[in-house]
Amino acid sequence: MRSNFTQLYLHCVWATWDRLPLLTSDIQEAVYAAIIGECQQLKCTVISLGGIEDHVHLLISFLPTIAVSDLIKQVKGSSSHLVTHKIKPGEFFKWQGSYGAFTVSHDNLDQVANYIRNKPIHHRHKSIIPK
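Next comes the structure, spelled out in structure tokens:
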């Protein structure tokens, strides 16, 4: 092999402060656009993005040149900055400091992406298990 080859996929999950329903429908699209934009700046590809009012799921492919902690810090920071300085200045919005990050195999990408896409439906039925 003459050059490096990586195939890295990550499922990231983080919540709003105290799981408050802060990611309301009036700002969700702009927040998601900011997350996608920051991922692109970091040379990551967004495969799926979704969630509900109190948390976000992000499935990406990423390069080995960025640490997972730096990636999530940048994405959370830029989206929070957008809300607190441009969309709703003076109103409370904050992500929790923690996050979850899980590697995903190439074979399971569709399954995880579908899980993320269907997240609001699962929560609407008060179940994370499809019926």
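Here the numbering used here is used: the first residue of the sequence shown is 1118, the next is one more, and so on.
Glycine included, C-beta positions come from ideal geometry on N, C-alpha and C.
Source: prediction; values computed, not measured.
Which class does Ser1222 belong to by DSSP, given the choice of helix, strand or coil? As a working mapping, residue 1222 is identified with position 105 in the sequence shown. Looking at Ser1222 - three-state DSSP - the assignment turns out to be coil, as it is neither helix nor strand.
Using the C-alpha atoms, what's the distance from Ser1120 back to His1202? Within the sequence shown, residue 1202 is the residue found at index 85, counting from 1. Within the sequence shown, residue 1120 is the residue found at index 3, counting from 1. Cα-Cα distance, rounded: 43 Å.
Taking the C-alpha atoms as reference points, what is the distance between Ile1204 and Ile1177? Taking the sequence shown and counting its residues from 1, the one referred to as residue 1204 is at position 87. Taking the sequence shown and counting its residues from 1, the one referred to as residue 1177 is at position 60. Spanning the two alpha carbons is a distance of roughly 25 Å.
Please work out which residues of its chain come closer than 6 Å, Cβ to Cβ, to Val1221, disregarding the five sequence neighbours upstream and downstream, and give them in chain order. If you number the sequence shown from 1, residue 1221 lands on position 104. Excluding residues within five positions, the ones whose Cβ falls inside 6 Å are Tyr1126, His1128 and Val1229.
If I'm right that Leu1140 touches Val1148 with Cβ under 8 Å, what's the distance once you round it to whole angstroms? Reading the sequence shown from its first residue, position 23 is the one you call residue 1140. Reading the sequence shown from its first residue, position 31 is the one you call residue 1148. Leu1140 to Val1148, Cβ: 6 Å. Contact.
By Cβ distance, which residues of its chain are closer than 6 Å to Leu1137, with the 5 residues on each side in sequence left out? Sequence index remark: in the sequence shown, residue 1137 carries index 20 (1-based). Excluding residues within five positions, none has a Cβ falling inside 6 Å.
Quick check on this structure: which residue in Cys1156, Gly1194 and Leu1175 has the alpha carbon closest to the alpha carbon of Lys1236? Taking the sequence shown and counting its residues from 1, the one referred to as residue 1236 is at position 119. Per the Cα distances, Leu1175.
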